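Comments concern the structure below.
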Amino acid sequence: MSSHPAGSPGPHVFVDSLDALQLADDDLAHLSKSLRMRDGDALTASDGAGKWRTAVFASSGALQPASEVHEVPAPGPELTVAFSLVKGSKPELVIQKLTELGIDRIVVLSAERSVVRWDDAKADKAADRWQRIIREASMQSHRVRLPTFDAVIPAIDWLARPEVAVAHFDGDEIGAQHTSIAIGPEGGWSPNELSGIDRRVSLGATVLRAETAAIAAGTMLTAMSRRARSYGG
13 MSSHPAGSPG
23 PHVFVDSLDA
33 LQLADDDLAH
43 LSKSLRMRDG
53 DALTASDGAG
63 KWRTAVFASS
73 GALQPASEVH
83 EVPAPGPELT
93 VAFSLVKGSK
103 PELVIQKLTE
113 LGIDRIVVLS
123 AERSVVRWDD
133 AKADKAADRW
143 QRIIREASMQ
153 SHRVRLPTFD
163 AVIPAIDWLA
173 RPEVAVAHFD
183 GDEIGAQHTS
193 IAIGPEGGWS
203 PNELSGIDRR
213 VSLGATVLRA
223 ETAAIAAGTM
233 LTAMSRRARS
243 YGG
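Laid out in structure tokens, this is it:
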């Protein structure tokens with residue numbers, strides 16, 4: 013038995029309890045209609061907090077357990093990517109890819125130079141949609157821990173956190189000591205936001221779009237974290 017559901021056959025779902033494996037209506041519809049699963053097909057189920065087990069699909073939505081419950085240890089320091097609001101459907105793309113990459117915490121920022129300006133009602137509606145994207149991407153990528161999600165936070169407040177490094181063209185190379193990176197809007201960080209901030213990291217020698225920068229930061233953080241664990245760092 014693999015220590016992670018990615019090594020097991022079938023799709024991956026989240027349930028409220030691993031003792032009572034009941035599918036949500038939307039997940040049951042997706043599995044039975046889109047994936048055409050039939051009674052007896054194999055899949056894996058997780059509680060979203062690190063535990064999972066194999067199960068057998070049932071068209072009633074009540075899955076049958078097929079293994080004991082396994083727990084995947086937390087991988088190490090929490091990895092965070094915060095990105096400033098961008099236009100259109102780009103936030104959905106960023107959130108989806110950061111989830112697939114394994115980022116532990118995803119934060120959407122409202123920066124002083126952000127083109128997008130939302131009131132509370134629109135932000136709440138978007139946050140609900142983004143949470144669904146996180147859940148769907150976590151199922152697709154067989155995650156056992158749903159990432160923490162925060163939206164929409166003023167950038168100047170987030171950048172004041174001591175662990176946060178800002179992506180900037182004159183920054184240092186990303187190293188194992190970096191666990192949280194913030195991505196500015198297309199217009200860049202304002203002088204006010206960067207005031208007194210000396211924790212800066214570079215994402216390469218070219219100028220990236222905001223959404224590309226966020227995904228690149230997630231890729232670099234997860235790669236560096238895996239490398240550090242491999243060498244016992």
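If you want this note's numbering, it's the 1-based position in the sequence shown plus 12.
Idealized CB from N, CA, C, for every residue including glycine.
It should be emphasised that the depicted structure is a prediction, and the values quoted were computed from it without experimental measurement.
{"Item": "Going by Cα to Cα distance, which pick from Ser214, Asp59, Glu104 is closest to Ala32?", "Value": "Asp59"}
{"Item": "Roughly how many angstroms lie between the CA atoms of Gly245 and Asp136, to the nearest whole one?", "Value": "Confidence in Gly245 is poor, its pLDDT being 43 and thus under 50, which makes the residue's placement unreliable; the coordinate value appears in the next sentence. If I take the Cα positions, the gap works out to 39 Å."}
{"Item": "According to DSSP, is Gly230 part of a helix, a strand, or is it coil?", "Value": "helix"}
{"Item": "Here's a check: name, in chain order, each residue in its chain whose Cβ is nearer than 6 Å to the Cβ of Arg147, leaving out the five neighbours to either side.", "Value": "none"}
{"Item": "State yes or no: is the C-beta of Glu223 within less than 8 Å of the C-beta of Lys102?", "Value": "yes"}
{"Item": "By DSSP's criteria, Phe181 is part of a beta bridge. Which residues make up the other side?", "Value": "Paired residues: none, contrary to the question."}
{"Item": "Which residues does DSSP pair with His24 in a beta bridge?", "Value": "Thr56"}
{"Item": "Spatial neighbours of Ser150 within its chain, please: C-beta separation below 6 Å, excluding the five flanking residues on both sides.", "Value": "Thr111, Leu158"}
{"Item": "Between which two residues does the alpha helix (DSSP H) holding Ile209 run?", "Value": "It is not in any alpha helix (DSSP H) - Ile209 carries neither H nor E in the DSSP assignment."}
{"Item": "Per DSSP, Ala74 forms a beta bridge with which residues?", "Value": "Gln34"}
{"Item": "Between the alpha carbons of Ser153 and Ala217, how many angstroms are there, rounded?", "Value": "30 Å"}
{"Item": "Can you give me the start and stop residues for the beta strand (DSSP E) that Asp162 sits inside?", "Value": "160 to 166"}
{"Item": "Helix, strand or coil, according to DSSP, for Ala225 in the structure here?", "Value": "helix"}
{"Item": "Looking only at its own chain, which residues have a Cβ that is under 8 Å from the Cβ of Ala41, when we skip the five neighbours before and after it?", "Value": "none"}
{"Item": "Put Arg147 into one of helix, strand or coil per three-state DSSP.", "Value": "helix"}
{"Item": "Quick test of the definition: if touching needs 3 or more C-beta pairs under 8 Å, does the region 115 to 130 touch the region 76 to 96?", "Value": "yes"}
{"Item": "Hey, out of Leu43, Ala36, Asp37, whose CA is closest to Pro23's CA?", "Value": "Leu43"}
{"Item": "By Cβ distance, which residues of its chain are closer than 8 Å to Asp37, with the 5 residues on each side in sequence left out?", "Value": "Gly73"}
{"Item": "I need the DSSP call for Ser96, collapsed to helix, strand or coil.", "Value": "strand"}
{"Item": "Any idea what DSSP makes of Glu175, helix, strand or coil?", "Value": "coil"}
{"Item": "Cα-Cα, which of Gln189, Asp39, Gly196 is closest to Ser237?", "Value": "Gln189"}
{"Item": "How is the beta strand (DSSP E) around Thr66 delimited, first residue to last?", "Value": "63 to 68"}
{"Item": "Taking its Cβ as the centre, do 16 or more other Cβ atoms sit within 10 Å of Gln108, making it buried, or is it exposed?", "Value": "buried"}
{"Item": "Span of the alpha helix (DSSP H) holding Ile107?", "Value": "102 to 113"}
{"Item": "Do His16 and Val84 count as a contact pair if the criterion is CB distance below 8 Å?", "Value": "yes"}
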